[in-house]
Every structure is written in structure tokens, then in C-alpha cells.
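Participant: Per the numbering used here, the sequence shown starts with residue -11, numbered consecutively. Glycine is no exception: its CB is placed at the ideal position from the N, C-alpha and C atoms. Please read all numbers here as calculations on a predicted model, not as lab measurements. Pasting in a structure now, in C-alpha cells, and then I'll have a few things to ask.
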Amino acid sequence: MHPHDVITSASNPHVKRLVRLRSRRDREREGLILIEGARELRRAALAGVRLQAVYLCPELYSPEARQVVPELPEPVSGPLTGTVTALSRPVFEKVSGRENPDGVLALAAPPELSLAEPGPDAVVLVLHGLEKPGNLGAILRTADAAGASGVIVLGRGADPFGPNVIRASQGSVFSLKVVVWDEPEALAWLRERGFALVACTPDAPRVYWEAPLTGRVAPLLGAEHQGLPADWRQTERSVRIPMADTAGADSLNVATAAALMLYECVRQRLAAGEGRPALAGAPGVSP
């Protein structure tokens, strides 16, 4: 992949557009997502995301970027797109959302949002009103690693395909089935397919590892400050994550809570012989 042009001016229309597209409103208006980072772009490309424009700064390339850039598909054509453009270092740093960019950024059409028909032991995570991109991205990364069948995002909180969520997920948002639904749509889909809804709430009587989490299960987690609203806590199962009496905090980070729930689902499936062999050789934790 070779750049066709080099942009050195911050007043260039491409540059102004890239800065503008860091806003969710502008991305939604244009029907685009902004993907930055070699790893994230590689995973997007593997998932079939259609790149519409690619912006490169070879001076900033990381070792991974040097490997990934030649493998990226050529962008498809579209308004002000269909190009591979080089940016000078100062210009790339202006449009980047990172402290240490690796010189790779692209615009793309958003993936189609849908959930596959679930298998008999599917785990679909439901997130209500999460606001912090870092938490949402970390949860998506964990859900991908744990083999979740999908993630339902409720409410207009953090944008699952916003640049900061894509970064925090390390591109896992493209590997997963992620949908943004309203509450009635999500509840109808889950009920019609026989999912057990498991509300995670600190006042539940049962500890999470005591609850049956095999079969089709949908763990429910709420926003960072408010937790789940009352009507989503009234489910057939509710669980809590215990905390020491001496703990100074009154709650766990929602990404930590999601990880505990997802891997308890994995543990119970392995114990029941429904296991996921791919997990046996999983690599260690990476930053």
C-alpha cells in the first residue's frame, strides 16, 4: 500500500475532516467510523470492514505498523475517499487521538450490527448505559477472549465504534457481534430465544459463582455510577460479586465485574463438559 499524496498543511480539507470526525455526531452524520492503530486496522480488515480512506505517516510507524500496512486492502471509492494518503508527522499528530501514534489511521463504513442465532450454550452480555469508552472497550476485549456470542449495548452511552472504544478493545469490537438496541428490542430478542437473564447487582442474595450459568445466559451489567435500573434488576436470577468488609470502595469497576461474570460462564461450561477447547492454549495477558 503506497500513499498517493503527501499532506503537510493542517488546513487541508482531509485534515479538517479527520479532526471533525473525532466527534460522534459527525461520524454518524457521514456514516463512517475512524480506526486508528495497526492492530486495530488489521482486525477490522480481517472482519471484512470496508476501508474507505487510509492515512499513513511512515515516520511514526511501529514495528507492527510496518508489518500490517502492506497487508491492508486497498480502500474502496467514495466521496473524498478511495485514497491512500501520507501525512507529515505534525499533521498526523494533530489528527491522532493518541499520545504515541503508530502512523496508521483509516476511515471505514461501520460494520453491520446484528447477532447470529445463538447456540445452546451462548453467552450474550448486556450492557446498560455505559458511559466510559475505556470500560466498554475493555469489556469487549474480554468478551472476545472469553468466547462470548455477542454483546448488546443499551442506551446512548459510549459509542461501541468510537475511536477510544476501538482502541481500548484492541480491535476486538470487530471480532465480536455487537449491537446497539433499545430496551424493548433487546428484551424481546433474549426472551424469544430462551436466555436466562442474570442481573449483576450489589444487593443480590446470591454470589455469582453460586448461580447456574450454563445454557443460554445473558449477564446484565449497568452504568458505572447508577448500576442497573430497577426494571432490569427484576430478573429470574440476580447475583452479586462479594467484597471484603474492609474494602474502602463500595463497588467494583464494571469491566472487572464483566470479566468475572464472563469467565465464570466459561468455568461452568468447562466443568459441565461444554468447554471451549480454544481457551486451553490461550496466550497470556497483554497490555
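Does the Cβ of residue 87 have 16 or more other Cβ atoms within 10 Å, making it buried, or fewer, making it exposed?
Facilitator: Residue 87 sits at position 99 when you count from the first residue of the sequence shown. The residue is exposed, with fewer than 16 neighbouring Cβ atoms inside 10 Å.
Participant: Write down the C-beta distance between residue 119 and residue 145 rounded to the nearest angstrom, noting that I regard them as a contact closer than 8 Å.
Facilitator: Counting from one through the sequence shown, the residue named residue 119 turns up at place 131. Counting from one through the sequence shown, the residue named residue 145 turns up at place 157. Yes, residue 119 and residue 145 are in contact; Cβ-Cβ is about 5 Å, under 8 Å.
Participant: Is it the case that the region 28 to 39 contacts the region 106 to 123, given that we only count it when at least three CB pairs across the two stretches are under 8 Å?
Facilitator: No, they do not touch.
Participant: Which residues does DSSP list as the beta-bridge partners of residue 169?
Facilitator: Taking the first residue of the sequence shown as position 1, residue 169 is located at position 181. Looking at the DSSP assignment, residue 169 forms a beta bridge with 142.
Participant: Give me the residue from 99, 93, 43 with the minimum Cα distance to residue 19.
Facilitator: Counted from its first residue, the sequence shown places residue 19 at position 31. Taking only the C-alpha atoms, the option nearest residue 19 is 99.
Participant: Report back the beta-carbon spacing between residue 194 and residue 227 to the nearest angstrom; my notes put them in contact at under 8 Å.
Facilitator: In the sequence shown, the residue the question calls residue 194 occupies position 206. In the sequence shown, the residue the question calls residue 227 occupies position 239. Between residue 227 and residue 194 the Cβ distance is about 5 Å, and since that is below 8 Å, they are a contact.
Participant: Look up residue 194 in the DSSP assignment and say whether it is helix, strand or coil.
Facilitator: By 1-based counting over the sequence shown, the position of residue 194 is 206. Three-state result, residue 194: strand.
Participant: Measuring CB atoms only, is the region 38 to 46 touching the region 80 to 95, in the sense that at least three cross pairs come out at less than 8 Å?
Facilitator: Short answer: they touch.
Participant: DSSP three-state label for residue 2, please.
Facilitator: By 1-based counting over the sequence shown, the position of residue 2 is 14. Three-state result, residue 2: helix.
Participant: Classify residue 55 as buried or exposed, calling it buried when 16 or more other Cβ atoms lie within 10 Å of its own Cβ.
Facilitator: As a working note, residue 55 is residue 67 in the sequence shown. Answer is exposed; the Cβ neighbour count stays below 16.
Participant: Does the separation of the CB atoms of residue 154 and residue 24 fall below 9 Å?
Facilitator: Taking the first residue of the sequence shown as position 1, residue 154 is located at position 166. Taking the first residue of the sequence shown as position 1, residue 24 is located at position 36. Yes, the pair counts as a contact, with Cβ atoms nearer than the cut-off.
Participant: Can you give me the start and stop residues for the alpha helix (DSSP H) that residue 14 sits inside?
Facilitator: One-based indexing of the sequence shown puts residue 14 at position 26. First-last of the alpha helix (DSSP H) with residue 14: 12 to 18.
Participant: Does residue 41 come out as helix, strand or coil in the three-state DSSP assignment?
Facilitator: On the sequence shown, position 53 is the one that residue 41 refers to. Looking at residue 41 - three-state DSSP - the assignment turns out to be strand.
Participant: Is it right to say residue 254 is buried, meaning 16 or more other beta carbons lie within 10 angstroms of its own, or is it exposed?
Facilitator: On the sequence shown, residue 254 is found 266 positions in, with the first residue counted as 1. Residue 254 is buried by the Cβ-count criterion.
Participant: Spell out the partners DSSP gives residue 71 in its beta bridges.
Facilitator: By one-based count along the sequence shown, residue 71 stands at place 83. Bridge partners of residue 71: 41.
Participant: Taking the alpha carbon of residue 49 as the reference point, which residue from 197, 102, 249, 90 has its own alpha carbon closest?
Facilitator: Translated into the one-based positions of the sequence shown, residue 49 becomes position 61. Ranking 197, 102, 249, 90 by Cα distance to residue 49 puts 90 first.
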